[in-house]
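Trainee: Protein chains in written order, with the numbering used here: chain A, 1 to 265; chain B, 1001 to 1464.
1) When the Cα of residue 99 of chain A is compared with those of A:58, A:67 and A:198, which residue comes out closest?
2) So, helix, strand or coil for residue 19 of chain A, using DSSP?
3) In whole angstroms, what is the alpha-carbon distance linking residue 1014 of chain B and residue 1251 of chain B?
4) Closer than 9 Å, CB to CB, is residue 204 of chain A near chain B or not?
5) Secondary structure at residue 265 of chain A, three-state DSSP: helix, strand or coil?
6) By how many angstroms is the C-alpha of residue 1183 of chain B removed from the C-alpha of residue 1164 of chain B?
7) Quick one: does residue 37 of chain A have its CB under 9 Å from some CB of chain B?
8) Quick one: grab the DSSP three-state call for residue 1254 of chain B.
9) In this structure, how does DSSP classify residue 306 of chain A when only helix, strand and coil are distinguished?
10) In chain A, which residues lie with their C-beta within 8 Å of the C-beta of residue 1264 of chain B?
11) So what's residue 347 of chain A in DSSP terms, helix, strand or just coil?
12) Quick one: which residues of the stretch 1349 to 1374 of chain B get their C-beta closer than 8 Å to a C-beta of chain A? List them in chain order.
13) In angstroms with no decimal places, state the Cα-to-Cα distance between residue 22 of chain A and residue 1427 of chain B.
14) Count the other CB atoms within 10 Å of the CB of residue 1040 of chain B; is the residue buried (16 or more) or exposed (fewer)?
15) Determine the extent of the beta strand (DSSP E) in which residue 201 of chain A is found, giving its start and end residues.
16) So the candidates are B:1231, B:1091, B:1260 and B:1129; which of them puts its Cα closest to the Cα of residue 1038 of chain B?
17) What does a CB cutoff of less than 7 Å around residue 1174 of chain B pick up in its chain, not counting 5 residues either side in sequence?
18) Can you find at least 3 beta carbon pairs, one from the stretch 1352 to 1359 of chain B and one from the stretch 1388 to 1401 of chain B, that sit closer than 8 Å?
19) Check the DSSP bridge columns for residue 194 of chain A and list the partner residues they point to.
20) DSSP three-state label for residue 167 of chain A, please.
21) Under 9 Å Cβ-Cβ, which residues of chain A neighbour residue 1284 of chain B?
22) Can you check the stretch 100 to 149 of chain A for any alpha helix (DSSP H) of at least 4 residues that lies completely inside it and give the ranges in chain order?
23) DSSP state of residue 1293 of chain B, grouped into three classes?
24) Please tell me whether residue 1450 of chain B has its Cβ less than 9 Å away from any Cβ of chain A.
25) Would you call residue 1208 of chain B buried or exposed, if buried means 16 or more other Cβ atoms sit within 10 Å of its Cβ?
26) Can you give me the C-alpha to C-alpha distance between residue 1446 of chain B and residue 1454 of chain B, rounded to a whole angstrom?
27) What is the residue span of the beta strand (DSSP E) that residue 1244 of chain B lies within?
28) So, is residue 253 of chain A buried or exposed, given that buried needs 16 or more other C-beta atoms within 10 angstroms?
29) Assuming residue 1432 of chain B contacts residue 1413 of chain B (C-beta within less than 8 Å), just tell me the rounded distance between them.
30) Which residues bound the alpha helix (DSSP H) around residue 1402 of chain B?
31) Compare the C-beta of residue 63 of chain A against all C-beta atoms of chain B and say whether one is closer than 9 Å.
32) In whole angstroms, give me the CA-to-CA distance for residue 91 of chain A and residue 1057 of chain B.
33) Residue 1086 of chain B versus chain A: which residues are under 8 Å apart at the beta carbon?
34) What are the boundary residues of the beta strand (DSSP E) that includes residue 1038 of chain B?
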């Protein structure tokens, strides 16, 4: 018992040290994405956005079209007709047709492969990043991003979101208190929006309203999250059965142990 | 040809008799399982020995399946891991079982070692069991380090780069040695291929042989128990210890419960949090190795971080403290210990040389020395520990306090090693490094002072 108390004390010290550090870094500049990995409709919409807006420059070169179709319950005919623009074979990897030398020349950097983007960057980061592009005359592409300063990527989704103007950074204290979001869309009629820790004004509306765009980006983030680890759709259900089996097995083993140990005095 | 050797192990039937005359199956079964006597009061802490063997088996079996699809080639390795994760049926399960298994192995081994320390299992007559165990620990660290390069992620690459570069601080031979280890001037395809060879065949073979020796040595001297007393002090008319029970079936069925408990946690992580919040699978390792782009913070996996923290804690400031500490300990030894004049002179000269060396060398080089020393200390434990009793149940208060401090320092060092260093954290790591080494260096002293409790004659056991 004493040893357990010692162990417990050690963990307590570590835990308190950890929580202090987290508290200090709480003013994270990313928005929390709300996504449901079981919502096939949301994942399908994300897949549609991905092949239409991302795949022209970025690859997802560890992922195959037919696997995506199978996991997301997309009929093969629909897949071929609406989602496969880079190849005719449904078993092919999702590779962009843009030559790497060209993209390197055009953007200064080859657009990174997105198969694992959601594991390298977290989903919340992606969701914030996708919504944080703004007009910036001084940058080579004409765009900039408040989460990823001076990113080489232009705003690929501006026709959906519209064009944002950067107003300024929001005070972290105000952001943490939740006051900042209250000022969105004030009485002057200007359409303000807070993304991460930056305040934007929508100067030119896109095909979607800001709320619709947020939902679309959550769908795209969900798809990227799926893309980073397709097995996550299976492992939860398999896990429930495995753990349930092991708990029953443990109970039986315990009874067996008790039976055998009855004659140990 | 007549068979000369006979033993009195009764074969179960004619078939087994035929076998037993040629291969000692019944003899080995009886001596090492059915009639191997273990104290009847082995508790929770005794699960981790058999669990460590289970972890080794899991790593070997899942490793075989991974090897069927993995490509040890710098151009193909990263993609082949993703191929296993996506295209190989249940490849993801094998990979997560292997990656989580590595961490589980270390969790189990650390707890197993801690059990040894608290119940005095490293003490006479089990010194060799402990020493072989320490070699297993070092081999396991090498195995894990080399395995971590194989996914060829960016953290694999830079982690290996940082750790192999440590050998550069060795005077004169350093650069040649690092080049020899890597097989190139940088981490490259050559390094990946040799690490693959070591990881899948050399070190597993070494580990299996060492585990075998660990068990042979253990069965030679017999298992310890939470009371740290010898169960063979009280035997019945047949020479069987009164407090002993056969390993099989008693501890086999008991360990089955432990195995289930382990598997519930293990598969819980695999199925519901395989990254374990970036601790078991680091996020930077999901980007392919890129020699031109260093990850923001290069951190090893959690099981190396206590030692990594000690490495990073060492700077010129720490050397000054170490020099002062050496001086204080030397003066105290000369003033207080019962030594003759020769020995006192030797202590004074040794301390003076050490202080001179500390003040005239770089903190980085000492970091490597301290990190190596921090692992070597475990080997010395059987001789540093002077307590008249084995088990923590009967040890003196100074030992318990020192052990608690060590445990806290070890856990904090492990935590700090996962975080980028800030001045405050470096200071904290230095403080914990001092506690870490003080635990070992002062052990001969604090284990021989204080009042120990009387050790019982027979093991403490309540039948349920």
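The C-beta atom is built at its ideal place from N, Cα and C for all residues, glycine as well.
Mentor: According to the structure shown:
1) A:58
2) Per-residue confidence for residue 19 of chain A stands at a pLDDT of 42, beneath the threshold of 50, marking its modelled position as unreliable; the derived number appears in the next sentence. Residue state, collapsed to three classes: helix.
3) 29 Å
4) no
5) coil
6) 11 Å
7) no
8) helix
9) No information on residue 306 of chain A is available, as it lies outside the stretch 1 to 265 that chain A covers here.
10) 243, 246, 247 and 250
11) In the structure as shown, chain A begins at 1 and stops at 265. Residue 347 of chain A is therefore absent and cannot be evaluated.
12) none
13) Here the model assigns residue 22 of chain A a pLDDT of 41, short of 50, so the residue's position is not dependable and the matter cannot be decided.
14) buried
15) 198 to 205
16) B:1231
17) 1167 and 1168
18) no
19) A:199
20) strand
21) 120
22) 100 to 107, 117 to 120 and 123 to 130
23) coil
24) no
25) exposed
26) 18 Å
27) 1244 to 1246
28) buried
29) 5 Å
30) 1397 to 1417
31) yes
32) 36 Å
33) 62, 63, 64, 67, 230 and 231
34) 1037 to 1039
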